[in-house]
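Chemist: Going by the numbering used here, the first residue of the sequence shown is number 58, and it counts up by one from there.
Don't be surprised by glycine CBs; every beta carbon is placed ideally from N, CA and C.
This structure is in structure tokens; I'll ask about it shortly.
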Amino acid sequence: MAAARHPIPRARARWCAWLAAAALLIAASARAQPSETPAELLLFGLKSYRDGFYEPAADILRRYLALRPAGEGAASARYFLAEALRRSGMRKKAAAAYRDFLARHAGEKRAGEVRLRLGETLEKLGDTGGAVRAYASVRAGPMRAEALHRAAALHIQRREMMGAASALKKFLEAAPQDPRAEGAAFERALALDALSNLPEAEAAYRFALKRHPGSRRSRLARRRLGLSQHKRGRHEAAAATLSDLLKRSPGEGSRAEVRLALAASRYAREEYARAAEHFGAALSLTLSKSQRRKAERGAASALWEAGRYEQATAAYRRVIESAPAGEAPLGRYLRSIARSGGCDWVGRKALRFGLNTLGRGARLSLEDRFLLANCLQEAGMEVDATKRFEEVGRASPGSVEGGLADLRLAEFLEKSGHGKEASARYEKGVKTALALKDKKGGGVRHLLEA
Numbered sequence: 058m059a060a061a062r063h064p065i066p067r068a069r070a071r072w073c074a075w076l077a078a079a080a081l082l083i084a085a086s087a088r089a090q091p092s093e094t095p096a097e098l099l100l101f102g103l104k105s106y107r108d109g110f111y112e113p114a115a116d117i118l119r120r121y122l123a124l125r126p127a128g129e130g131a132a133s134a135r136y137f138l139a140e141a142l143r144r145s146g147m148r149k150k151a152a153a154a155y156r157d158f159l160a161r162h163a164g165e166k167r168a169g170e171v172r173l174r175l176g177e178t179l180e181k182l183g184d185t186g187g188a189v190r191a192y193a194s195v196r197a198g199p200m201r202a203e204a205l206h207r208a209a210a211l212h213i214q215r216r217e218m219m220g221a222a223s224a225l226k227k228f229l230e231a232a233p234q235d236p237r238a239e240g241a242a243f244e245r246a247l248a249l250d251a252l253s254n255l256p257e258a259e260a261a262y263r264f265a266l267k268r269h270p271g272s273r274r275s276r277l278a279r280r281r282l283g284l285s286q287h288k289r290g291r292h293e294a295a296a297a298t299l300s301d302l303l304k305r306s307p308g309e310g311s312r313a314e315v316r317l318a319l320a321a322s323r324y325a326r327e328e329y330a331r332a333a334e335h336f337g338a339a340l341s342l343t344l345s346k347s348q349r350r351k352a353e354r355g356a357a358s359a360l361w362e363a364g365r366y367e368q369a370t371a372a373y374r375r376v377i378e379s380a381p382a383g384e385a386p387l388g389r390y391l392r393s394i395a396r397s398g399g400c401d402w403v404g405r406k407a408l409r410f411g412l413n414t415l416g417r418g419a420r421l422s423l424e425d426r427f428l429l430a431n432c433l434q435e436a437g438m439e440v441d442a443t444k445r446f447e448e449v450g451r452a453s454p455g456s457v458e459g460g461l462a463d464l465r466l467a468e469f470l471e472k473s474g475h476g477k478e479a480s481a482r483y484e485k486g487v488k489t490a491l492a493l494k495d496k497k498g499g500g501v502r503h504l505l506e507a
């Protein structure tokens, strides 16, 4: 039972000791009247601060400064007054005291720390603009790196990327070995990227990756670097960076922007087969409408340039199905059919799709209209072929295509027993050839060999 009573006396003893200390402090404070010397007030105020009695310390230090505003200990009194107010939670008064210190003692050795504390106090008060200015005012000394880092964080919070990039650059110069230098290097690159300052962003990304290759941020940095290089038209560099990214982090291949940028860079370098692979991979992802249109058109064009015309035919058909009639690449679709050997009976279905697209308002050059008519003839679709040849002849009677259309129509008429009409068409075609001979040379031979 006796053991159970021990905690009560000990707790009471601690409480009594605290009360005694407080009583002594109050008594001493009461004795610290104007009759006491300013030096005694300063010493008592500083001792109160060291003992953790911040509010009484602030009162005593104010009294000292009222007596000796420019005394030998005024700088220390103002410094500890501001600190006492801050530690007491009186932030507005603390900020005013810090400002007063800087107004009177700007060259004092503690000025850098005071500027940092002022920024910290203003930040807690919600005055981020004032905090940034306070941090920026720390121009030298051991507090500069800390102030720059805090200023950069506030600039980022306020979406002031130019200020962030500047502060981070100065921080990296001031404290290259600081543990936070890794994050600062990548944040600076991202800030420059957000400003669309792509040349400097690229240099910053390269610096960060070289300095911190194993950073957890390196994945994002490589992605942004590759996208930035692609945007700048640096396709060789972009292809290298993004390919390296996919090797290191295969999961990046599920990002549409990465696939599309890599595909476009490969295409720009005339690596058409590889471009087609990446466009195709992009089409398997969840894409926005504009991304899907870009991927479909890119895949079709890359397959065409790679000479894979049968696959290009299917790809162009997908593009046409999702495009407005006026934007449908019908010419490329028809040329893909012709180059893949689809102008025959097997290709009739593909040709009918082309005719339907044309009927919906798709545009075709005169040359492609003639190609369509020729394909229809080879596929045995003579009625449609005749109609298309007539259209070409009417559209451009004096052109090579118009002359060729007349000759094809003459053949149809001759086979169907319409000799007189056939002769008239033959004559018209030859006249076109003779007229073209003087303009382009070899007109007759060109028409007759077609």
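State the Cα-Cα distance for the pair P236 and F228, rounded to the nearest angstrom.
Modeler: Straight-line Cα distance between these residues: approximately 12 Å.
Chemist: Is it right to say D108 is buried, meaning 16 or more other beta carbons lie within 10 angstroms of its own, or is it exposed?
Modeler: Burial call: exposed.
Chemist: Specify the secondary structure class of E259 as computed by DSSP and reduced to three states.
Modeler: DSSP places E259 in helix when its eight states are reduced to three.
Chemist: Grouping DSSP H, G and I as helix and E and B as strand, with all else coil, what is D401?
Modeler: Three-state DSSP puts D401 in coil, outside helix and strand.
Chemist: Where Q286 and R276 are concerned, what is the direct C-alpha to C-alpha distance, given to the nearest angstrom?
Modeler: Using only the alpha carbons, I get a separation of about 16 Å.
Chemist: Contact between the stretch 283-299 and the stretch 266-275: three or more CB pairs below 8 Å?
Modeler: They do not touch, by the three-pair rule.
Chemist: I'd like the list of long-range same chain contacts for V487, defined as Cβ closer than 7 Å, with 5 residues on each side in sequence excluded.
Modeler: For V487, where only same-chain residues beyond five positions count, there are no Cβ hits under 7 Å.
Chemist: Go to R349, then tell me how far its alpha helix (DSSP H) extends in each direction, as first and last residue.
Modeler: 346-362 is the extent of the alpha helix (DSSP H) around R349.
Chemist: Report buried or exposed for Q214, applying the criterion of at least 16 other Cβ atoms within 10 angstroms of its Cβ.
Modeler: Answer is exposed; the Cβ neighbour count stays below 16.
Chemist: Determine the DSSP secondary structure at H162, reduced to helix, strand or coil.
Modeler: Residue state, collapsed to three classes: coil.
Chemist: With H, G and I counted as helix, E and B as strand and the rest as coil, what does DSSP make of D157?
Modeler: In the structure shown, D157 sits in a helix (DSSP, three-state: H, G or I).
Chemist: Mind checking which residues open and close the alpha helix (DSSP H) that includes G283?
Modeler: Element bounds for G283: 275-288.
Chemist: Thinking C-beta only, is A313 closer than 9 Å to A339?
Modeler: Closer than 9 Å, so yes.
Chemist: Tell me whether the stretch 365-379 and the stretch 392-408 touch, counting them as touching only if at least three CB pairs, one residue from each stretch, are closer than 8 Å.
Modeler: The stretch 365-379, when compared against the stretch 392-408, does touch it at the 8 Å Cβ threshold.
Chemist: Excluding the 5 residues flanking E447 on each side, which residues of the same chain have their C-beta closer than 8 Å to its C-beta?
Modeler: If we look at E447 and ignore the five residues flanking it on each side, its Cβ neighbours are A462, L466.
Chemist: Taking the alpha helix (DSSP H) that D108 falls in, what are its first and last residues?
Modeler: Element bounds for D108: n/a, residue is neither H nor E.
Chemist: Let's test the definition: count the other Cβ atoms within 10 Å of the Cβ of T343 and tell me whether it reaches 16, buried, or not, exposed.
Modeler: Result: exposed.
Chemist: Less than 9 Å separating the beta-carbons of Y121 and A139?
Modeler: No; because the gap between Cβ atoms is not below 9 Å, this pair is not in contact.
Chemist: Let me check understanding here. Comparing Cα to Cα, which of L182, R161, Y136 lies closest to K149?
Modeler: The option with the nearest alpha carbon to K149 is L182.
Chemist: Who are the Cβ neighbours of G383 in its own chain at under 8 Å, not counting the five residues just before and after it?
Modeler: Same-chain partners within the cutoff: G418, A419, R420.
Chemist: Going by the CB atoms, is the gap between G169 and A197 shorter than 9 Å?
Modeler: Contact: yes.
Chemist: Among S345, Y390, Q348, whose alpha-carbon lies nearest the alpha-carbon of W361?
Modeler: W361 has its Cα closest to that of Y390, out of S345, Y390, Q348.
Chemist: Given this structure, state the Cα-to-Cα distance separating A238 from R174, to the nearest angstrom.
Modeler: Taking the straight line from one Cα to the other gives about 22 Å.
Chemist: Does DSSP classify L421 as helix, strand or coil?
Modeler: Coil.
Chemist: Taking the alpha helix (DSSP H) that A325 falls in, what are its first and last residues?
Modeler: First-last of the alpha helix (DSSP H) with A325: 313-325.
Chemist: Do D250 and R291 have their beta-carbon atoms positioned less than 9 Å apart in this structure?
Modeler: Cβ distance not < 9 Å, so R291 and D250 don't count as in contact.
Chemist: How about F137 and L159: do their beta carbons lie closer than 9 Å?
Modeler: Cβ atoms of F137 and L159: not closer than 9 Å.
Chemist: To the nearest angstrom, report how far apart A359 and Q434 are at their CA atoms.
Modeler: So the alpha carbons of these two residues sit roughly 29 Å apart.
Chemist: Under a three-way DSSP split, which group does H269 fall into?
Modeler: Of the three classes helix, strand and coil, the one that applies to H269 here is coil, per DSSP.
Chemist: Please report the straight-line C-alpha distance between A318 and R143, rounded to a whole angstrom.
Modeler: C-alpha separation (whole angstroms): 53 Å.
Chemist: Leaving aside the five residues before and after A258 along the sequence, list all residues of the same chain whose C-beta is less than 6 Å from its C-beta, in chain order.
Modeler: For A258, where only same-chain residues beyond five positions count, the Cβ hits under 6 Å are A246, L249, D250, S285.
Chemist: Note the first and the last residue of the continuous alpha helix (DSSP H) segment covering M57.
Modeler: In the structure as shown, the chain begins at 58 and stops at 507. Residue 57 is therefore absent and cannot be evaluated.
Chemist: Ordered along the chain, which non-local residues of its own chain (more than five positions away) have a Cβ less than 6 Å from that of R331?
Modeler: R323.
Chemist: What's the gap between the Cα of P95 and the Cα of A132?
Modeler: Straight-line Cα distance between these residues: approximately 14 Å.
Chemist: Let me check understanding here. Comparing Cα to Cα, which of L211, V376, P199 lies closest to E177?
Modeler: The shortest Cα separation from E177 among L211, V376, P199 belongs to L211.
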